[in-house]
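In the numbering used here, the protein residues as written are 7 to 169. A virtual CB, placed ideally from N, CA and C, is assigned to each residue, including glycine. Please read all numbers here as calculations on a predicted model, not as lab measurements.
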Amino acid sequence: MEFGLHFKFVVGGYMPYQSALAGRTSLSGQIYHVTVCTYRRQPVFACWKSGRILVHTLKDLQQQQVASSLAWVIMPDHLHWLMQLGDSHSLGDALQLCKGRSAKAINQHLGRQGNLWQRGVIDRAIRREEDLVQVARYIVANPLRAGLVNKLGDYPLWDAMWL
């Protein structure tokens, strides 16, 4: 999959899931920074195994060419994901697959039922190549800013394609 950097629009803000995606066109190859929070900001990913299940979901989506992960960090109660859409999937498809698959597997692992993710998402299309590395740095530095670790290498649930 090529990582082209030609974009036509910027979308941002928090909206209910269905409203956020209604009337929008997703572009093949578009790069997005997506933030998805757990339901009621529950610290589901304080459990390392739950975080690894989400990592597995992101890798499956990449293998299936739904979305390529450029950078991500799994915080205790949310995911920051810098991703590039595949050729035949929309942003809505990618988010629905990510949230649905991970919720089913994590709920099974934790022996729970119900919502894992909040309905809304925060997303922003990345427009310029110089924005890409800046956004990736912001994403992977989240554990440092949150005071979870003193150095990035100590945090186990992040990755970036540039490393």
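Here DSSP, grouped into helix, strand and coil, assigns Leu97 to helix.
When rounded, the separation of the alpha-carbon atoms in Asp66 and Ser108 is 11 Å.
Exposure of Gln119 is indicated by the presence of fewer than 16 other C-beta atoms within 10 angstroms of its C-beta. Non-local C-beta neighbours of Leu138 in its own chain, meaning closer than 8 Å and more than five positions away in sequence, comprise Leu11, Ile37, Leu76, Leu88 and Ile132, ordered along the chain. Straight-line spacing of the CA atoms in Asp93 and Ala100 works out to 11 Å. Val79 sits close to Val146, with the two beta carbons spaced by under 7 Å. Between Gln90 and the set Gln70, Lys55, Asn121 and Pro49, the nearest pair of CA atoms involves Gln70.
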